[in-house]
Ligand SMILES: [Zn+2]
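In our numbering, the protein residues as written are 117 to 399.
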């Protein structure tokens with residue numbers, strides 16, 4: 117913090133010491149001329165300065181719920197709202213309306229990160245839409261025009277977020293003039309999928325089909341994982357040969373685009389729920 121080298125106080129009212137009534141004014145500290153709003157309520161000859169609290173302005177994103185399932189798996193959606201904290205209303209003045217713009221961060225999740233849902237490739241990744249599924253806009257605005265006694269308000273009309281087919285951790289951003297940018301993440305995922313190889317160390321089957329773009333390809337529901345293990349064991353028992361367990365689902369399920377094109381075509385229209393598995397032909 118800058119401290120003025122010569123802190124000379126200069127009271128900028130006619131005569132703040134002359135009255136017991138409330139006097140407001142400004143204290144200037146030369147030479148920086150910062151403005152310190154104050155009130156005077158002292159008796160004659162004394163000065164009591166009460167600094168006015170700056171009202172804190174804050175913008176927050178609210179998502180309900182903050183975990184949804186990918187499109188095509190379940191018709192889930194989330195309500196997107198803004199919580200705006202501004203200067204509380206005072207007699208004779210109400211806070212101005214705040215226009216909030218919501219966007220979907222086009223750079224998140226980063227490919228290959230733990231938020232990417234198992235996709236280590238770029239391209240035109242779908243991140244969901246506002247208002248309507250798939251074709252809706254990726255930016256919408258809401259107005260906050262009503263505030264409570266503390267100066268807190270929410271969108272007059274909250275918005276709706278529809279997830280993409282692709283699982284991942286998507287970032288919703290809110291911006292408004294004179295407010296710091298706010299953001300919140302929403303998880304798009306099929307819950308409860310577990311990795312096959314954590315259930316059993318495979319000796320009677322092989323894990324196949326891993327690629328650099330979809331490395332975590334052996335996730336499934338607990339039931340599916342149990343069935344695969346039992347099936348592979350029976351096959352090994354009968355033929356003394358291992359089968360190859362190829363693609364199941366990605367770590368959070370959803371679209372498994374084997375062509376790295378964010379499309380179910382060609383192939384792999386299933387593999388979203390953790391209930392499907394490809395078996396290699398060659399034992
Ligand atoms: Zn992919």
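Backbone N, C-alpha and C define an ideal beta-carbon position, used for all residues, glycine too.
- In this structure the region 266-283 lies against the region 185-194, because at least three pairs of beta carbons, one per stretch, are closer than 8 Å.
- A Cβ-Cβ separation of about 6 Å places residue 328 in contact with residue 236 under the 8 Å criterion.
- Annotation: residue 292 is outside any alpha helix (DSSP H) and is labelled neither H nor E by DSSP.
- At a cut-off of 7 Å, the beta-carbon of residue 373 counts as near ligand 1: some heavy atom of the ligand is closer than that.
- In this structure, residue 255 keeps its C-beta atom at 8 Å or more from the C-beta atom of residue 176.
- Annotation for residue 303 indicates a beta carbon at 7 Å or more from all heavy atoms of ligand 1.
- In the structure shown, residue 309 adopts coil according to DSSP, grouped into three states.
- Scanning the region 221-291 from its first residue to its last, the whole beta strand (DSSP E) runs of 3-plus residues come out as 255-260, 268-270, 275-278, 284-291.
- Nearest neighbour of residue 240 by Cα position, chosen from 233, 377, 325, 332, turns out to be 377.
- Rounded to whole angstroms, the Cβ separation of residue 171 and residue 204 is 7 Å, and the two are in contact under 8 Å.
- Around the CB of residue 355, fewer than 16 other CB atoms lie within 10 Å, so the residue is classed as exposed.
- Annotation for residue 340: the continuous alpha helix (DSSP H) segment containing it runs 338-355.
- Approximately 5 Å separates the beta-carbon atoms of residue 186 and residue 281; this is inside 8 Å, confirming the contact.
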